[in-house]
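One structure is given below, encoded as structure tokens.
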Amino acid sequence: MLRKLIAAAVLIAASTSTFAAPHFFLQLKNGTNKNITISVKENVGKMHLEPQLVDNTPLAAQQSSEKYGVVFEPLTAEGMFDVVFTGQKACTFTIGYFAPGNPKITVMGHGCNGGGYQIIDNGHTLLLYVSDIHLGNSKV
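Each residue of the sequence shown is one higher than the one before, counting from 12 in this note's numbering.
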């Protein structure tokens, strides 16, 4: 009987420990005066966020998202993913292998004026932000 209880406890522990610890955390900030949407897309390799971020999640003006754990499957130096801020125009951040205090980040898009990043929480969280993604009535 004791052996059956131990075996059952081992099976339960194995089935509940399938989530990997995040490699780092990600937080997104809308510094504009308009509502925008945010999305995350795989680029090179597999990754996911914990909790999951649904494509085109609304992010209100002057607000920050919750923190998301970033998990690469597996973690390699080539792994990359995209974070897209969308207003009238889009701003895409491509994030490469992250080491505390040394991310590889490229920023592109016609909506990236005032976009950038900070390393916060003693190097554990990457904060991406936009402050002007051409949300006005421009003709471009």
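Glycine included, C-beta positions come from ideal geometry on N, C-alpha and C.
Asn44 to Asn133 span [Cα, whole Å] = Residue 44 sits at position 33 when you count from the first residue of the sequence shown. Residue 133 sits at position 122 when you count from the first residue of the sequence shown. Cα-Cα distance, rounded: 29 Å.
query = When the distance is taken between beta carbons, is Val141 closer than 9 Å to Asp93?
reply = Counting from one through the sequence shown, the residue named residue 93 turns up at place 82. Counting from one through the sequence shown, the residue named residue 141 turns up at place 130. Going by C-beta atoms, Asp93 is not nearer than 9 Å to Val141.
inquiry  = Going by C-alpha to C-alpha distance, which of His34, Glu61, Thr97 sits closest to Gly126?
reply    = As a position in the sequence shown, residue 126 is number 115, starting the count at 1. Ranking His34, Glu61, Thr97 by Cα distance to Gly126 puts Thr97 first.
request  = Tell me, please, whether the CB atom of Leu39 is closer than 9 Å to any CB atom in chain B?
outcome  = The structure shown contains no chain B, having only a single protein chain.
request  = Label Ala72 either buried or exposed according to how many other C-beta atoms from any shown protein chain fall within 10 Å of its C-beta, with 16 as the threshold for buried.
outcome  = Position 61 of the sequence shown holds residue 72. Under this definition Ala72 is an exposed residue.
Sequence-distant residues of its chain with Cβ nearer than 6 Å to His59 (five each side left out) = As a working note, residue 59 is residue 48 in the sequence shown. Counting only Cβ-Cβ distances below 6 Å, and skipping sequence neighbours, we find Val82.
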